[in-house]
Amino acid sequence: MTLSTHVSGGAAFRPGGPAIIAPSVLAADFANLQRDVELVNRSDADWFHVDVMDGVFVPNISFGFPVVEAVYRHARKPLDVHLMIVQPERYVAEFARKGASHITVHYEACTHLHRVLTQIREAGCQAGVALNMQTPVEVLTDITDAFDQVLIMTINPGFGGQQLLPLSIPKVRKLRQLLQGAGSSALIGVDGGLGLSNTPTLLDAGADYVVAGTSVFGADDPMDAIRQLKNCRQPMVA
Ligand code: DX5
Ligand code: ZN
């Protein structure tokens, strides 16, 4: 298996341009997974967001290696794997082998976060760290060189279809300042409860990529929902 067939979505990113859109496979129809993967292939989306839940770190179990492998087999865009599992260091290498281009682990699940992020890069992937609602962005201050993306949870993780918690909005703004101050070019992502009504606000606060499950796969026209999300950034005032 070659991982090089997937270019990094980060490389093509232009600040202020269209958002990076990562439809969440969690909201796809698992009985028609190939159909939904191919829909995303044809769309303006940039990545596949793949939510792995272990029933321990979060109160839900989603799927594991066989499903990630099946998505990868049909995907023509990078797989952004979000590990909501305890001790993610035990599985990083295997998710990379199964086709992940980006791997995000939770700050709250890692005793040695820096080591795990290094392990992700050594596996040839973009390294991401996710922060739950209660975790302040300042925990990342001393390790800004160690990650390529930060995922701000805009809900309590574990389930799709929840409402965005507005506390997350100033947090994105704070993280943008922190990364700018540190000279980091890491991307900021937002995950949970995102749709056309709130995504412009999150992009304005400093988000670069947007994870969207229900608002994409629950839409009458998912391709159009992706197109609209991608282009919903508020025009900059001259
Ligand atoms: C939840 C997951 C999300 C979820 C988002 O824990 O991390 O990626 O799929 O789903 P929506 O967009 O439906 O809130
Ligand atoms: Zn996610």
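Residues 23 to 260, numbered by this note's numbering, are exactly what the sequence shown covers, in order. Glycine included, each C-beta is placed from N, C-alpha and C at the ideal position.
query, result
"Could you give the residue range of the beta strand (DSSP E) that holds Ser123?", "Ala122 to His128"
"Using three-state DSSP, classify Tyr113 as helix, strand or coil.", "coil"
"I believe Gly235 touches Ala49 by the beta-carbon criterion, under 8 Å. Please report the beta-carbon distance rounded to the nearest angstrom.", "3 Å"
"Less than 8 Å between the C-beta atoms of Cys147 and Val138, yes or no?", "no"
"Pick from Asn154, Asp58 and Pro244: whose alpha carbon is nearest that of Leu189?", "Asn154"
"Kindly list the residues whose CB is nearer than 6 Å to the CB of Ala33, restricted to its own chain and excluding five residues on each side of it in sequence; keep chain order.", "Here Ala33 scores only 42 on pLDDT, less than 50, and its place in the model is too uncertain to base an answer on."
"Between the stretch 98–118 and the stretch 70–80, are three or more C-beta pairs nearer than 8 Å?", "yes"
"Considering only C-alpha positions, which residue in the set Val90, Glu130, His134 and Thr157 is nearest to His124?", "Val90"
"Less than 8 Å separating the beta-carbons of Ala44 and Asp66?", "no"
"Once the 5 residues before and after Ile142 are set aside, which same chain residues still bring their CB inside 7 Å of it?", "Val114, Ile125 and Ala149"
"For His124, verify whether its CB is less than 7 Å away from any heavy atom of the ligand ZN.", "no"
"If we ignore side chains and look at the alpha-carbon of each, how far apart do His28 and Thr221 end up?", "Here the model assigns His28 a pLDDT of 36, short of 50, so the residue's position is not dependable, and the following value carries that caveat. In a straight line, the C-alpha of His28 is about 26 Å away from that of Thr221."
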